[in-house]
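Q: Each step along the sequence shown adds one to the number in my numbering, with nothing skipped, and position 242 is 243.
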Amino acid sequence: MLKLILILIFCCLSFLVHSQRNCGTEPYKQNIIRNYPELSSRYGRTNSDSLLNEKLSRLTGMIKIPVVVHVVYNASEENLPDSLIKSQISQLNLDFSAKNKDIINVPEIFKDRIADCQIEFVLHSINRIKTNKRQFLIQSRKDGNGYKVYSPSYEPIKFSYLGGVDALPCTQYLNIWVGNITDGSDGQLLGYAAFPGGLCEYDGVVIYYKCFGVPSPYRPYDKGRTLTHELAHWLNLRHIGGDTYGGCGDDLVADTPPQKGGSDEGNKGNGYGQNYGCPNHPMVYNPECPETVAEMFMNYMDYVDDACMCMFTKKQKDRMRSLFVEGGDRSHFMNNDVANRQLLVSDNRRTDIFTPTIVEFKKYFRCKPIHDTCRYGFVFWTEIDGAKEYNVLAKKVKSNIWKTITTTNNYIKLGGLGSHILYEIKVQAVLTDESQSAESTSFVFNLKGNNPFSRFRKLQLIR
Ligand SMILES: [Zn+2]
Numbered sequence: 002m003l004k005l006i007l008i009l010i011f012c013c014l015s016f017l018v019h020s021q022r023n024c025g026t027e028p029y030k031q032n033i034i035r036n037y038p039e040l041s042s043r044y045g046r047t048n049s050d051s052l053l054n055e056k057l058s059r060l061t062g063m064i065k066i067p068v069v070v071h072v073v074y075n076a077s078e079e080n081l082p083d084s085l086i087k088s089q090i091s092q093l094n095l096d097f098s099a100k101n102k103d104i105i106n107v108p109e110i111f112k113d114r115i116a117d118c119q120i121e122f123v124l125h126s127i128n129r130i131k132t133n134k135r136q137f138l139i140q141s142r143k144d145g146n147g148y149k150v151y152s153p154s155y156e157p158i159k160f161s162y163l164g165g166v167d168a169l170p171c172t173q174y175l176n177i178w179v180g181n182i183t184d185g186s187d188g189q190l191l192g193y194a195a196f197p198g199g200l201c202e203y204d205g206v207v208i209y210y211k212c213f214g215v216p217s218p219y220r221p222y223d224k225g226r227t228l229t230h231e232l233a234h235w236l237n238l239r240h241i242g243g244d245t246y247g248g249c250g251d252d253l254v255a256d257t258p259p260q261k262g263g264s265d266e267g268n269k270g271n272g273y274g275q276n277y278g279c280p281n282h283p284m285v286y287n288p289e290c291p292e293t294v295a296e297m298f299m300n301y302m303d304y305v306d307d308a309c310m311c312m313f314t315k316k317q318k319d320r321m322r323s324l325f326v327e328g329g330d331r332s333h334f335m336n337n338d339v340a341n342r343q344l345l346v347s348d349n350r351r352t353d354i355f356t357p358t359i360v361e362f363k364k365y366f367r368c369k370p371i372h373d374t375c376r377y378g379f380v381f382w383t384e385i386d387g388a389k390e391y392n393v394l395a396k397k398v399k400s401n402i403w404k405t406i407t408t409t410n411n412y413i414k415l416g417g418l419g420s421h422i423l424y425e426i427k428v429q430a431v432l433t434d435e436s437q438s439a440e441s442t443s444f445v446f447n448l449k450g451n452n453p454f455s456r457f458r459k460l461q462l463i464r
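Structure follows, in structure tokens:
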């Protein structure tokens, strides 16, 4: 019997080795600190500050956060349906309010620590973008001299000219990108988050498309907990075992027991690592934490399977909510004072190149009586730094077939226009390295109007 149990344990372990949760947030954060050491103290903030606690006690009621989900897809299976996205946001709200069905699995000794965080994520919009990139390489783990974080090329999914989608203003929205991501390692990167206090264009979370939504097909990460976990990082929670390299880990939260330390890199030290799979309670693994009678592996901030994580604690709630008090890193969600939002670090390293915007339409009729061959128009768009040329996509509104014209100018002449026909045009910048921006918003126009001979008439932008 013992032998059978050992074989079973061995089988489970080898299964787990291939399916370990891979959260990219900690290595992402470490890289940021290497380049922006001043952020380190912010990440380590605790709630011991009495002024903060006083402010926190006055922060009552629900905190609502508008969410935009950017679905960045290439293969059609990556273009997740609305229903799946809504199911994910629902699960997220259940988890943050302790209304998740599996909350009953919290062991007796931790039950009085369960928290309804009173944070609600409100789906504002779903932004679907088809990309020509089959996969986004997130280079959060790369190390070495001269490594820079906050470079768009390390996080292409967040930038339209690299095939991703630009963030909506982080002062007003939580940006969630969902796509086919990899960090280049063997373990599938499930997601990662930006901690508070960073640069706006990079703020938000990124989730692997297969583990987004409930149920997703990606067992054992099929219950939407990857987003719950990553959003808690976005709200300043660390992994439950701390992210020390081995030893007895502390997450700076008073009501979670110290337990296994060990980020991935820590594994090289003592091999404790995080908790994976679905452990049995009570579970004590780390002899360096003699005070701990049971690890709180069922906390969302451990690394266990989706089916086995089910709670936040009251002090975790406090740590998250303290971001929203006056002066907190996410307080702009409370007061709408978006203009006064100060970023901690100024960014002079970026070379963003944005999506063009069509700004003007000029039309000319050269002869009377007017016939199609003597009508033409010019469409102008914003010039994009670093663009070597622009792809212009044009069609009749009623047609499904786009014509593509390439030009090095920031305008194009369109000839032979029919007087009663609606046309649609979009523009895309092409960089010297052949990467492309997203397509501009469509501009729809025709040649009719009260004064068809007037120049410089701007037509209405549609959509
Ligand atoms: Zn994590």
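Don't be surprised by glycine CBs; every beta carbon is placed ideally from N, CA and C.
Taking the C-alpha atoms as reference points, what is the distance between proline 82 and glycine 214?
A: If you take the alpha carbons of proline 82 and glycine 214, they lie about 9 Å apart.
Q: Can the beta-carbon of methionine 299 be found less than 8 Å from the beta-carbon of cysteine 311?
A: A contact, by the Cβ cut-off of 8 Å.
Q: From the DSSP output, in three-state form, read off alanine 255 for me.
A: Correct three-state label for alanine 255: coil.
Q: Tell whether a beta-carbon distance below 8 Å holds between leucine 163 and asparagine 23.
A: Taking 8 Å as the Cβ cut-off, leucine 163 and asparagine 23 do not qualify as a contacting pair.
Q: For leucine 9, I'd like the list of residues in its chain whose CB is within less than 6 Å of its CB, leaving aside the five on either flank, ordered along the chain.
A: Low confidence applies here, because leucine 9 scores a pLDDT of 35, under 50, leaving its location unreliable; read the following figure in that light. Nothing listed; no residue qualifies.
Q: According to DSSP, phenylalanine 137 sits in a beta bridge with which residue or residues?
A: DSSP, once it has assigned bridges, lists Ile182 as partnering phenylalanine 137.
Q: Reducing DSSP to helix, strand and coil, say where methionine 312 ends up.
A: It is a strand residue.
Q: Ligand 1 and phenylalanine 26: does any heavy atom of the ligand fall closer than 7 Å to the residue's C-beta?
A: Sequence check: residue 26 is threonine here, not phenylalanine. Threonine 26 Cβ: within cutoff of ligand 1.
Q: As a quick exercise: from Glu79, Gln140, Thr314 and Asn75, pick the residue whose alpha carbon is nearest that of phenylalanine 185.
A: Just to set this straight, residue 185 is glycine in the shown sequence, not phenylalanine. Comparing Cα-Cα distances from glycine 185 to each of Glu79, Gln140, Thr314 and Asn75, the minimum goes to Gln140.
Q: Taking the alpha-carbon positions, what's the aspartate 386 to alanine 233 distance?
A: So the two alpha carbons sit approximately 37 Å from each other.
Q: How should tryptophan 403 be labelled, buried or exposed, when 16 other C-beta atoms within 10 angstroms of its C-beta is the threshold for buried?
A: By the 10 Å Cβ count, tryptophan 403 comes out exposed.
Q: Should leucine 52 go down as buried or exposed, given a rule of 16 or more other Cβ atoms within 10 Å for buried?
A: Result: exposed.
Q: Considering just the uninterrupted stretch of the beta strand (DSSP E) at asparagine 94, what are its terminal residues?
A: Not the beta strand (DSSP E): asparagine 94 falls in the alpha helix (DSSP H), residues 83 to 97.
Q: For tyrosine 209, which of Glu79, Leu432 and Arg322 has the nearest alpha-carbon?
A: For the residues Glu79, Leu432 and Arg322, the minimum Cα distance to tyrosine 209 belongs to Glu79.
Q: Less than 8 Å between the beta carbons of valine 179 and valine 70, yes or no?
A: Against a cut-off of 8 Å, the Cβ pair of valine 70 and valine 179 comes out as a contact.
Q: In the DSSP assignment, what are the bridge partners of lysine 168?
A: With the sequence shown as reference, residue 168 is identified as alanine, and lysine is not the correct amino acid for it. DSSP output for alanine 168 lists no bridge partner at all.
Q: Please look up how many angstroms separate the CB atoms of leucine 228 and arginine 239, rounded, as I've assumed it's under 8 Å.
A: With a Cβ gap of about 17 Å, leucine 228 and arginine 239 do not count as contacting.
Q: Given lysine 399, which residues of its chain have a CB within under 7 Å of its CB, disregarding the five upstream and five downstream residues?
A: Contacts found: none.
Q: Kindly indicate the opening and closing residues of the beta strand (DSSP E) around leucine 60.
A: It is not in any beta strand (DSSP E) - leucine 60 carries neither H nor E in the DSSP assignment.
Q: Between which two residues does the alpha helix (DSSP H) holding glutamate 121 run?
A: From DSSP, glutamate 121 is part of no alpha helix (DSSP H) but of the beta strand (DSSP E) over 120 to 131.
Q: What residues match up with glutamate 361 in a beta bridge as DSSP calls it?
A: Looking at the DSSP assignment, glutamate 361 forms a beta bridge with Phe381.
Q: Does the stretch 156 to 171 come close enough to the stretch 53 to 66 to have 3 or more Cβ pairs within less than 8 Å?
A: No, the stretch 156 to 171 is not in contact with the stretch 53 to 66.
Q: Which ranges does the beta strand (DSSP E) cover as unbroken runs of at least 3 residues, wholly within the stretch 170 to 250, from first to last along the chain?
A: Qualifying beta strand (DSSP E) stretches, in chain order: 175 to 180, 192 to 194 and 206 to 209.
Q: Give a yes or no on whether the C-beta atoms belonging to threonine 408 and valine 393 are separated by under 8 Å.
A: The answer is yes: Cβ separation under 8 Å.
Q: Can you tell me whether glycine 250 is buried or exposed? The criterion is at least 16 other CB atoms within 10 Å of its CB, across all chains shown.
A: Buried.
Q: Secondary structure at asparagine 392, three-state DSSP: helix, strand or coil?
A: The answer is strand: DSSP assigns asparagine 392 an E or B state.
Q: In terms of DSSP beta bridges, what is glutamine 437 paired with?
A: According to DSSP, which records beta bridges pairwise, glutamine 437 is partnered with Val431.
Q: For leucine 423 and glycine 328, what's the separation of their Cα atoms in angstroms?
A: Straight-line Cα distance between these residues: approximately 51 Å.
Q: In its own chain, which residues sit with a C-beta less than 6 Å from the C-beta of aspartate 204, not counting the 5 before and 5 after it?
A: Answer for aspartate 204: Cys171 and Ala195, listed in chain order.
Q: Between the Cα of proline 258 and those of Asn237, Ser91 and Met297, spot the shortest distance and give me the residue it belongs to.
A: Comparing Cα positions, the closest option is Met297.
Q: Could you give the distance in angstroms between the alpha-carbon of lysine 100 and the alpha-carbon of glutamine 136?
A: C-alpha separation (whole angstroms): 35 Å.
Q: Given this structure, state the Cα-to-Cα distance separating proline 283 from threonine 293, to the nearest angstrom.
A: Approximately 10 Å between the Cα atoms of the pair.
Q: Following the continuous beta strand (DSSP E) through valine 445, name the residue where it begins and the one where it ends.
A: That run of the beta strand (DSSP E) goes 444 to 446.
Q: One question on the structure: do serine 441 and threonine 314 come within less than 8 Å of each other, judged by their Cβ atoms?
A: Cβ atoms of serine 441 and threonine 314: not closer than 8 Å.
Q: Taking C-alpha atoms, which residue in Gln89, Thr183 and Gly278 lies nearest to proline 216?
A: Comparing Cα-Cα distances from proline 216 to each of Gln89, Thr183 and Gly278, the minimum goes to Gln89.
Q: Could you tell me the distance, in whole angstroms, from the CA atom of phenylalanine 160 to the CA atom of phenylalanine 111?
A: If I take the Cα positions, the gap works out to 42 Å.
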